[in-house]
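Chemist: Numbering (the numbering used here), first residue to last: 308 to 482. This is the structure I want to talk about, given as structure tokens.
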Amino acid sequence: MEKSVIKICLFFVFLLIFQNESFGQRKAELTEEQYNVLENTYRKAKEKTIDVYYHTIPFESWMQSLWNEDNYSDMGVGFCSFKEPDIKLAFSELKKQVFDLEEKEIYWKKLSDKIKTSKRKKRSKVSFLSEPIIIGDYSFVFSRSVDQKSVHVLKKDTLGKWKYECGVPLEFELH
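Written out as structure tokens, the structure reads:
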């Protein structure tokens, strides 16, 4: 009797382990809406191509500097004005959701030719992007490269298209 109870317990332990997605090393995927945001983040960039690392970045401590008193005020943050109350509420909600950022693979086939994914972290031109966080009609993409860290903010228009709204430079080096 005791052996059968142990076998049943072991069976349930193994069942729980194998059902856990992280055990199988499967990463969550970006949604189609998140790919639309990434695509539109760089739509008007002057560069012919934008090199991004092929995985999104999870939460990193520098992201919290968005809410430092040097950056954030009642009037706005960075180049983002709080004239519309919705954007201020979205930034408040972002403060809660930023900790949930996960590493996800960016599939190059789901992007236009303007955005190129790279597996080499050491390339000087590669940008590391967070998964887009979508809050209402606003989306936020944290970006890190060799010489800058920033947040890109997009807003969904009445036709459902993502348009660049504003940006927040967090850290940068002058060359």
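In this text, a Cβ means the ideal position worked out from N, Cα and C, and glycines have one as well.
How many Å lie between Y445 and K468 at the Cα?
Modeler: Stepping through the sequence shown from its first residue, residue 445 is reached at position 138. Stepping through the sequence shown from its first residue, residue 468 is reached at position 161. Distance from the CA atom of Y445 to the CA atom of K468, rounded to whole angstroms, is 11 Å.
Chemist: Counting C-beta neighbours from all protein chains within 10 Å, is the total for T338 16 or more, i.e. buried, or is it exposed?
Modeler: Within the sequence shown, the letter at position 31 stands for residue 338. It is exposed - the Cβ of T338 has fewer than 16 other Cβ atoms within 10 Å.
Chemist: On the CB-based measure, 16 or more other CB atoms within 10 Å of its CB, does R451 come out buried or exposed?
Modeler: The residue labelled residue 451 in the question sits at position 144 within the sequence shown. So R451 counts as buried.
Chemist: In three-state terms, what does DSSP make of F366?
Modeler: Taking the first residue of the sequence shown as 1, we reach residue 366 at position 59. Coil at F366, not helix or strand.
Chemist: Over the uninterrupted alpha helix (DSSP H) stretch that includes L408, give me the two end residues.
Modeler: Within the sequence shown, numbered from 1, the residue matching residue 408 stands at position 101. Where L408 is concerned, there is no enclosing alpha helix (DSSP H), given that its DSSP letter is neither H nor E.
Chemist: Identify whether S329 lies in helix, strand or coil by the three-state DSSP scheme.
Modeler: Here residue 329 refers to the residue found at position 22 when the sequence shown is read from its first residue. Residue confidence for S329 is low, a pLDDT of 43 falling below 50, so the modelled location carries little weight; the figure read from the coordinates is stated next. Here S329 sits in helix by DSSP.
Chemist: Thinking just about the alpha-carbon of each residue, which of T465, V405, E412 and S457 is nearest to the one in A335?
Modeler: Along the sequence shown, one-based indexing puts residue 335 at 28. The option with the nearest alpha carbon to A335 is E412.
Chemist: State the Cα-Cα distance for the pair C387 and S425, rounded to the nearest angstrom.
Modeler: Position 80 of the sequence shown, counted from the first residue, corresponds to residue 387. Position 118 of the sequence shown, counted from the first residue, corresponds to residue 425. Going from the Cα of C387 to the Cα of S425 covers about 30 Å.
Chemist: Of all the beta strand (DSSP E) runs that stay within the bounds of the stretch 405 to 480, which reach a length of 3 or more residues?
Modeler: 422 to 425, 440 to 442, 445 to 451, 455 to 463 and 469 to 479
Chemist: Select from T363, D358, E480 and H459 the residue whose C-alpha is nearest the C-alpha of E410.
Modeler: For the purposes of this step, residue 410 is taken as the residue at position 103 of the sequence shown. Comparing Cα positions, the closest option is T363.
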